[in-house]
Amino acid sequence: MMLYDWTPGARAALPITTITHESPLGNWTHSECVPPHLAHVVEKLWHFEGQMELLRERSFAKVFSEIILQLGPQFREVCEDGSTGNLFPVACAGGLTTAPSVIEAPATRCHVIGIQLHAEAAYQLLAASPAELANGTLSLADALNVRTEHLADACYHAATVAERFETVCRWIEQRLRERQSAHAAVGWAALQLRASQGATAIATLQRQMSLTKSRFASLFREQIGVTPKYYGRMLRFRNALSQLQSGHQLSDAALRAGYYDQAHMYRDFSEFACLTPADFVKANRFPGSLSLSEAG
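The numbering used here numbers the first residue of the sequence shown as 1 and each following residue consecutively.
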């Protein structure tokens, strides 16, 4: 049995941002960090501790994979008919989502760590395929094909948020040493699409990589879970959500997000969110988030 040392050691302090929130939505402390030495893998680490008043959270078109460590009472899945489903595993992982998903927080104070991974990084860190992770959740043990209780336990016993983030970083570093890298072309293409928020032409990427259209699409789907064109659509939709979240009018949001017209934006809202842009604007939204807050 291999033993891991995830104890924080000597290294420059991680750049952590923390906010405290109190409103009718609930009261909590939320911390975020992008570890500079892992920025090629990690979109961000986040740490949440507090209590929700509106217990349900609705999310749309996640363009990243995510590992969740629940250090207190557990969240539940919410079924399509609105009924409450099973508890999520203490440590779990999920992939890209192409449809709305709803989770329900416990009615008491909760404590959660999230590890958001770039889409291509999940292929490198996890044993489960992107297809297995898409639109669903696996226990972290199943996603990694190894025992994982040590990670959650180490985070639980860490004294500070900074120590928990350091523990997670060292675990990621260990996984990177053990696992294969994603295809360089896939990683580069995914990076270009993220940087342009889905605006880069797929044909342009394909030419620059000297891959055939079918080979590029096959590699991308294998290691990301969707085709490059579909991934670009998801990124563009997320950009539209951000524009609306920032207060832009519908026509301006569509233009800024790169849509040909509002009709194309409405089509993506129908597919990825099952609601209209106007519905999104009117809904309760978590501050600094693209997710909606809903009563249970």
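Yeah, the Cβ is synthetic: ideal placement off N, Cα and C, and Gly gets one too.
Buried or exposed by the 16-neighbour rule on C-beta atoms within 10 Å, applied to residue i
i	result
Ala-160	This sequence places Thr at residue 160; Ala is not what is there. Per the 10 Å Cβ criterion, exposed.
Gly-288	exposed
Arg-215	exposed
Val-42	buried
Met-1	Any reading at Met-1 needs caution, since the residue's pLDDT is 32, under 50, leaving its predicted position unreliable; the model's value is listed next. Exposed.
His-40	exposed
His-47	buried
Tyr-231	buried
Thr-148	buried
Gln-223	buried
Pro-317	Here the chain has residues from 1 to 296 only, and residue 317 is not among them.
Tyr-4	Bear in mind that the predicted position of Tyr-4 carries a pLDDT of just 48, short of 50, making it unreliable; the figure below should be weighed with that in mind. It counts as exposed.
Pro-89	buried
Val-146	exposed
Pro-24	exposed
Cys-169	buried
Arg-164	buried
Whole-number beta carbon distance between residue j and residue i, since they are thought to touch under 8 Å
i	j	result
Glu-132	Leu-14	No, Glu-132 and Leu-14 are not in contact; Cβ-Cβ is about 31 Å, not under 8 Å.
Leu-376	Ala-152	Not covered by the structure: residue 376. The range shown for the chain is 1 to 296.
Thr-18	Thr-29	6 Å
Glu-49	Gly-26	Actually they do not touch by this definition, with Cβ atoms about 11 Å apart.
Ala-127	Gly-95	Contact doesn't hold; Cβ gap of about 13 Å is too wide.
Leu-87	Gly-296	At roughly 15 Å, the Cβ-Cβ gap does not stay under 8 Å, so Leu-87 and Gly-296 are not in contact.
Cys-92	Leu-140	6 Å
Phe-64	Leu-125	Phe-64 to Leu-125, Cβ: 12 Å. No contact.
Ala-254	Met-265	4 Å
Pro-228	Ala-263	Contact flag wrong, Cβ pair sits at about 23 Å.
Within 7 Å, strictly: CB atoms of residue i and residue j
i	j	result
Ala-61	Phe-220	no
Gly-258	Arg-236	yes
Ala-107	Phe-75	no
Phe-286	Thr-276	no
Leu-290	Leu-241	yes
Lys-44	Glu-57	no
Glu-66	Gly-136	no
Tyr-123	Leu-71	no
Gly-198	Pro-130	no
Thr-193	Thr-204	Reading the sequence as shown, one finds Leu at residue 193 and not Thr. In this structure, Thr-204 does not lie closer than 7 Å to Leu-193 by Cβ.
Ile-172	Leu-292	no
7 Å Cβ cutoff, residue i in contact with chain D
i	result
Ala-253	The structure shown contains no chain D; it is built from a single protein chain.
Please determine if the region 180–187 and the region 84–103 are in contact, where contact requires at least 3 C-beta pairs separated by less than 8 Å.
no
Would you list, in sequence order, the uninterrupted alpha helix (DSSP H) runs of no fewer than 4 residues that lie entirely inside the region 131–155?
140–144
Whole runs of the beta strand (DSSP E) within the region 63–102, excluding any shorter than 3 residues
64–70, 76–78, 84–87 and 91–94
Complete alpha helix (DSSP H) runs within the region 156–234 (minimum length 4 residues, chain order):
161–178, 184–195, 202–209 and 213–224
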